[in-house]
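Residue numbers (our numbering): 18 to 260.
These notes concern the structure reproduced below.
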Amino acid sequence: MLSVIGNLAILILTLVDSHLKTVMYFFCQIFSFLKISFTSACIPRFLYSISSGDRTITYNACVCQLFFTDLFGITEFFLLAAMSYSHYVATCKPLHYMTIMNHRVCKRLIFCCWMTTVLIMIPPFSLKPSLEFCDSNVLDRFFCDAKPVLKITCSDTQFMEKMVIICSALILIMTLVFIPLCPAMEKGIFLLFFPHDCVSITYGSCIFIYIKNSAKDEMEINKGVSILMTSISPMLNPFTYTP
18 MLSVIGNLAI LILTLVDSHL KTVMYFFCQI FSFLKISFTS ACIPRFLYSI
68 SSGDRTITYN ACVCQLFFTD LFGITEFFLL AAMSYSHYVA TCKPLHYMTI
118 MNHRVCKRLI FCCWMTTVLI MIPPFSLKPS LEFCDSNVLD RFFCDAKPVL
168 KITCSDTQFM EKMVIICSAL ILIMTLVFIP LCPAMEKGIF LLFFPHDCVS
218 ITYGSCIFIY IKNSAKDEME INKGVSILMT SISPMLNPFT YTP
């Protein structure tokens, strides 16, 4: 509730307040929308399972949940990279900021974030229909995620696991490495871009869960880490961007 209400407040304020029609708040608006969407894709089902005791989910519903959590979650990473570039321009080239980061450029950056996410998701999701489940049908997680699904399938998941790791590494490299390459590093303002706890939790959680050992050797602690990624980080977002 804190996550949805807080991010929704940011979204509404940036839409209705004429003083918040700047590029910075436009990015915050999109980021809050992604946080609400990401949380809504996984948490309501989890709360329903707790309240009703019904912990079953169909395969199609599971794939649908997996698709939307990945879609909104991955887009967040690319949006953070775009926001970092905006901060760099504002800090290093303040007099040219409005020329470089006009609304047309911002909309193109947002469009590129969505399109890049879709292109990265196509390879692993194109292989999902080939999975077979002949043994266990119990996911060791409170929502559908790639690693738990691969853990219970009786198909050979070695290629799929490598695909997940490659895609995850590609996402992290394309977003996280983008900032150190920025000339702002030379001016000692790197910490300005990613100082926030919610960003650190998001990156740390994804690295821990996806850039590690085989899904067959998944550790129990992953469930706790997934709580940080899906609940704590979205909840901290309103406190981070509304000082």
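Heads up, the beta-carbon is just placed ideally off N, CA and C, and yes, glycines get one too.
These numbers were taken from a predicted model, which means no experiment stands behind them.
In the three-state reduction of the DSSP assignment, ASN119 falls in the coil class. With a beta-carbon spacing of about 6 angstroms, ILE91 and ILE188 fall inside the 8 angstroms limit used to define contacts. About 16 angstroms separates the CB atoms of THR134 and LEU193; that is not less than 8 angstroms, and the two are not in contact. Distance from the CA of GLY70 to the CA of TYR102, rounded to the nearest whole angstrom, comes to 46 angstroms. Of the other Cβ atoms in all chains shown, 16 or more fall within 10 Å of the Cβ of THR56; this residue is therefore buried. In this structure, the CA atom of ALA26 is about 43 angstroms from the CA atom of GLU149. Under the 10 Å beta carbon count, MET177 is surrounded by 16 or more other beta carbons and is classified as buried.
Around the beta carbon of LYS179, a 10 Å sphere encloses fewer than 16 other beta carbons of the protein chains shown; the residue is thus reported as exposed.
Under the three-state reduction of DSSP, LYS110 is assigned to coil, being neither helix nor strand. Following the DSSP letters along the chain, one finds MET41 inside the alpha helix (DSSP H) bounded by residues 40-69. If you look at ASN24, you'll find it in the alpha helix (DSSP H) that goes 19-33.
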